[in-house]
Amino acid sequence: MTDYLVIVESPAKAKTIERYLGKKYKVKASMGHVIDLPKSQMGVNVEEGYKPKYITIRGKGDILKDLKKAAKKAKKVYLAADPDREGEAIAWHLAHALKVDEHSQCRVVFNEITKDAIKESFKHPRSIDMDLVDAQQARRVLDRLVGYNISPLLWKKVKKGLSAGRVQSVALKLIIDRENEINNFQPEEYWSIESTFQMDKEVFEGAFYGVDGKKMELSTEEEVNSILEKLIDKQFKIEKVTKRERKRNPALPFTTSSLQQEAARKLNFRAKKTMMLAQQLYEGIDLGKSQGGTTGLITYMRTDSTRISDTAKKEATEYIQDKFGSEFLGQARKEKQKENTQDAHEAIRPTSVLREPSSLKAVLSRDQLRLYKLIWERFLASQMAPAILDTMSVQLINNNVEFRATGSKVKFKGFMKVYVEGTDDNNKADDKFLPNLEEGMIVEANEIVPNQHFTQPPPRYTEARLVKTMEELGIGRPSTYAPTLDTIQRRYYVTMDNKRFVPTELGTIVVEILTEFFPEIIDAEFTAKMENDLDAIEEGKVEWVHIIDDFYDGFQERLKKAEEEMEKIEIKDEPAGIDCENCGHEMVYKMGRYGKFLACSNFPECRNTKPILKEIGVDCPKCNEGNVVERSSKKRRIFYGCDRFPECDFVSWDKPISRPCPKCDSLLVEKRNKKETQIVCTKCDYKENSQG
Numbered sequence: 001m002t003d004y005l006v007i008v009e010s011p012a013k014a015k016t017i018e019r020y021l022g023k024k025y026k027v028k029a030s031m032g033h034v035i036d037l038p039k040s041q042m043g044v045n046v047e048e049g050y051k052p053k054y055i056t057i058r059g060k061g062d063i064l065k066d067l068k069k070a071a072k073k074a075k076k077v078y079l080a081a082d083p084d085r086e087g088e089a090i091a092w093h094l095a096h097a098l099k100v101d102e103h104s105q106c107r108v109v110f111n112e113i114t115k116d117a118i119k120e121s122f123k124h125p126r127s128i129d130m131d132l133v134d135a136q137q138a139r140r141v142l143d144r145l146v147g148y149n150i151s152p153l154l155w156k157k158v159k160k161g162l163s164a165g166r167v168q169s170v171a172l173k174l175i176i177d178r179e180n181e182i183n184n185f186q187p188e189e190y191w192s193i194e195s196t197f198q199m200d201k202e203v204f205e206g207a208f209y210g211v212d213g214k215k216m217e218l219s220t221e222e223e224v225n226s227i228l229e230k231l232i233d234k235q236f237k238i239e240k241v242t243k244r245e246r247k248r249n250p251a252l253p254f255t256t257s258s259l260q261q262e263a264a265r266k267l268n269f270r271a272k273k274t275m276m277l278a279q280q281l282y283e284g285i286d287l288g289k290s291q292g293g294t295t296g297l298i299t300y301m302r303t304d305s306t307r308i309s310d311t312a313k314k315e316a317t318e319y320i321q322d323k324f325g326s327e328f329l330g331q332a333r334k335e336k337q338k339e340n341t342q343d344a345h346e347a348i349r350p351t352s353v354l355r356e357p358s359s360l361k362a363v364l365s366r367d368q369l370r371l372y373k374l375i376w377e378r379f380l381a382s383q384m385a386p387a388i389l390d391t392m393s394v395q396l397i398n399n400n401v402e403f404r405a406t407g408s409k410v411k412f413k414g415f416m417k418v419y420v421e422g423t424d425d426n427n428k429a430d431d432k433f434l435p436n437l438e439e440g441m442i443v444e445a446n447e448i449v450p451n452q453h454f455t456q457p458p459p460r461y462t463e464a465r466l467v468k469t470m471e472e473l474g475i476g477r478p479s480t481y482a483p484t485l486d487t488i489q490r491r492y493y494v495t496m497d498n499k500r501f502v503p504t505e506l507g508t509i510v511v512e513i514l515t516e517f518f519p520e521i522i523d524a525e526f527t528a529k530m531e532n533d534l535d536a537i538e539e540g541k542v543e544w545v546h547i548i549d550d551f552y553d554g555f556q557e558r559l560k561k562a563e564e565e566m567e568k569i570e571i572k573d574e575p576a577g578i579d580c581e582n583c584g585h586e587m588v589y590k591m592g593r594y595g596k597f598l599a600c601s602n603f604p605e606c607r608n609t610k611p612i613l614k615e616i617g618v619d620c621p622k623c624n625e626g627n628v629v630e631r632s633s634k635k636r637r638i639f640y641g642c643d644r645f646p647e648c649d650f651v652s653w654d655k656p657i658s659r660p661c662p663k664c665d666s667l668l669v670e671k672r673n674k675k676e677t678q679i680v681c682t683k684c685d686y687k688e689n690s691q692g
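Position 682, counted from 1, in the sequence shown is what the working numbering calls 682; the numbers after and before it change by one each time, with no gaps.
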């Protein structure tokens with residue numbers, strides 16, 4: 001007979017934890033949820049107080065049977081699902097299925113999968129937290145009431161296969177609202193005057209500020225010319241030099257949201273990929289016998305807290321002291337938590353800062369290592385001293401016309417020795433250098449250049465910007481960001497263009513319908529309030545049924561009105577302007593699982609379909625007969641190939657260029673990153689910067 005049975009969610013965790021606990025413990029995996037609401041029906045009995053109808057998930061029968069058999073042989077069963085609402089719900093379902101008393105000390109939680117953390121957690125088992133379970137039940141029931149009532153309505157009135165989830169609809173509306181802002185944007189003209197100044201052999205940059213000590217905005221070319229006419233020769237007197245010392249604090253350790261944002265900026269990872277890799281690092285990697293076997297490398301990756309344990313702080317302090325010296329040690333900072341922060345467990349950090357990224361190259365995949373390095377560096381930097389920068393601001397005067405120059409240089413690197421947080425705008429103001437200027441000096445302007453500008457519309461959302469906005473508005477929680485972004489793409493409500501969200505016609509239609517008939521579903525404030533209500537359930541402040549009741553009364557009325565008044569919307573097939581080569585009927589654009597494609601309008605008599613090919617004006621470099629066209633993979637990633645496929649199998653992830661390499665006559669392609677686009681040769685080392 002087994003003394004103790006421990007049930008976790010994944011086999012990777014099971015293997016690691018069993019090794020830590022020893023021979024008296026048998027650890028098995030439930031493979032996530034084994035019991036849930038049915039997929040084929042709503043599964044919520046509204047008449048009986050929103051009672052959920054739980055069933056064994058299809059395909060999980062054998063797993064549950066095996067767990068029941070193992071539970072009967074054990075003296076004690078511990079339920080060790082993830083330390084969040086969903087994990088608590090899984091533990092509760094398992095307790096009922098395995099006939100484990102939910103009030104007994106059967107629940108074990110841990111924030112990291114390391115030997116010490118696991119052993120310590122088993123010293124402090126607790127009963128199942130029904131407030132957490134109820135918060136999860138409320139979320140599931142709410143989502144069912146919304147999705148399983150509105151989605152069939154959309155199928156009937158618009159198109160089969162549509163869905164209208166609670167959080168995904170708000171995210172979609174944010175994207176559409178931004179697109180409308182861009183379309184309605186009226187650019188406004190403005191001007192700047194810039195100059196380079198010479199002091200001995202050193203050159204620095206400055207820009208027009210104002211006249212007679214007052215800041216002045218330049219709106220027209222006439223205003224610019226009047227300023228230029230005021231200037232007497234090119235001699236500028238340095239009127240004032242202001243030197244300051246400025247501290248720059250390190251970024252806090254990662255939360256789920258900030259990790260997804262930074263991984264997008266620095267590693268070019270999608271949110272879904274970031275969470276998949278983080279899950280692997282959390283559950284454990286086999287480091288080899290010499291390093292302790294399979295070990296969890298980071299703490300739990302679904303969190304909105306920046307809190308760090310005293311043990312982790314102490315280890316980081318000792319590491320920084322030994323590695324960099326005491327002057328690099330940071331002071332404790334009291335950070336104010338955001339209002340809707342759950343703070344259930346720690347920030348995302350390495351389980352041991354002593355496990356340097358360089359020591360893991362042999363056991364981690366390239367992407368696992370890149371993400372681990374990001375998490376490790378961010379945490380270490382967060383415990384280090386602020387950077388100190390010497391900043392200088394200079395006022396330069398010519399006939400009462402004032403130019404200003406600013407710059408800074410790092411006096412003490414502090415945390416910047418390890419890590420600097422990424423930004424969305426590539427602003428490098430801290431890197432500007434100014435020579436040693438003093439008041440009264442005369443410097444000469446090399447060239448004074450007026451520049452015309454036009455205000456730009458707000459940018460489309462990247463995944464990182466959208467996650468940040470959702471977090472700021474209180475929409476969703478750490479576990480919902482990645483699945484929400486994935487859903488709106490899979491439903492073809494949005495597409496990605498240059499890594500930014502663009503709404504489709506289908507997505508726009510869905511939001512228009514929801515705006516008319518279910519305005520609260522896509523209202524950010526309403527959705528944020530609902531998240532706060534779920535938090536209140538978790539904290540035991542309110543009964544979950546009351547929250548659902550308050551919502552459902554008004555929702556029912558809107559549903560009834562929509563059924564009666566919503567008109568059927570026909571999304572007509574758009575003519576493609578070409579005829580079907582098989583039957584001669586007109587080809588039309590159709591919407592499929594992976595986006596638009598061409599199909600014969602004579603369907604079902606003719607089933608001819610073909611992908612939409614966008615020519616880029618480049619001859620195929622492989623067969624010299626076809627043209628290179630833009631294609632889309634099943635994961636919606638753009639690539640380039642020959643239009644004679646499968647006769648010619650030329651493909652390239654990088655966009656080919658129409659001219660050959662001037663050095664070796666081979667194919668040139670565009671390589672893009674955040675900062676620039678380069679044109680590079682596919683064979684030799686030729687490179688050039690592109691303006692595209």
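Just so you know, even glycine gets a beta-carbon here, dropped at the ideal spot from N, CA and C.
As the structure is a prediction and not an experimental result, all values here were calculated from the model.
With at least 16 other beta carbons inside 10 angstroms of its own, L534 counts as buried.
Contiguous beta strand (DSSP E) elements confined to the segment 23-82 occur at 25-29, 76-79, taking only those with 3 or more residues. Cβ atoms of Q260 and T274 come within 8 Å of each other, at about 5 Å. Boundaries around T484 are those of the alpha helix (DSSP H), 481-490, since no beta strand (DSSP E) includes it.
Within the same chain, and ignoring the five residues on either side of I522 in sequence, the residues whose Cβ sits closer than 7 Å to its Cβ are S169, V170, K173, V511, L514, T515. Three or more Cβ pairs closer than 8 Å define a contact, and the segment 235-253 meets that threshold against the segment 392-399. Unbroken alpha helix (DSSP H) runs of no fewer than 4 residues, entirely contained in the segment 437-508, are found at 463-473, 481-490, following chain order. Per DSSP, V629 is one residue of the beta strand (DSSP E) stretching across 627-632. Between I227 and V401, the CB-CB gap stays under 8 Å.
When DSSP reads this structure, W544 sits in no beta bridge, so it has no partner.
By a beta-carbon distance limit of 8 Å, D84 contacts R302. Their separation comes to about 6 Å. About 5 Å separates the beta carbon of L281 from that of I298, a gap short enough to meet the 8 Å contact definition. Within the segment 558-627, the complete beta strand (DSSP E) runs of at least 3 residues fall at 574-579, 586-592, 595-600, 614-619.
Around the C-beta of T527, 16 or more other C-beta atoms lie within 10 Å, and the residue is accordingly described as buried. The C-beta distance from P458 to R265 rounds to 18 Å, too long to fall under 8 Å, and the pair is not in contact. By the 16-neighbour rule on beta-carbons within 10 angstroms, V651 is exposed.
In the three-state DSSP reduction, V680 falls in the strand class (E or B).
By the beta-carbon neighbour count (other beta carbons within 10 angstroms, threshold 16), A562 is buried. In this structure the segment 62-79 lies against the segment 1-11, because at least three pairs of beta carbons, one per stretch, are closer than 8 Å. With fewer than three CB-CB distances shorter than 8 Å, the segment 88-101 does not count as touching the segment 546-553. In this structure V241 touches M392 by the C-beta definition: roughly 7 Å separates them, less than 8 Å. Of all C-beta pairs linking the segment 11-28 to the segment 44-51, fewer than three are shorter than 8 Å, placing the two stretches out of contact. Per the Cβ contact rule, the segment 380-391 is in contact with the segment 242-257 (3 or more Cβ pairs under 8 Å). In the structure shown, the three-state DSSP call for R349 is coil. Cβ neighbours of A117 within its own chain (closer than 6 Å, five residues either side excluded): F110. In the structure shown, the three-state DSSP call for R672 is strand.
The alpha carbon of D665 has as its nearest neighbour, out of N582, F555, K683, the alpha carbon of K683. Here Q105 is not bridged, per DSSP, to any residue. Partner residues in the beta bridge of C642, as assigned by DSSP, are V628.
Using a Cβ distance threshold of 8 Å, K568 and K157 count as a contacting pair. When DSSP states are grouped into helix, strand and coil, A14 belongs to the helix group. Of the residues assessed, G540 falls on the exposed side of the cut-off, its CB having fewer than 16 other CB atoms within 10 angstroms. Cβ atoms of K53 and P38 come within 8 Å of each other, at about 7 Å. In this structure, T256 and Y481 form a Cβ contact; the two beta carbons are roughly 7 Å apart against a cut-off of 8 Å. Separation of the CB atoms of T317 and T114 is rounded to 19 Å, and the pair is thereby denied contact status at 8 Å. Runs of the alpha helix (DSSP H) spanning 4 or more residues and lying entirely within the segment 114-193 occur at 115-121, 130-157, 166-183, in chain order.
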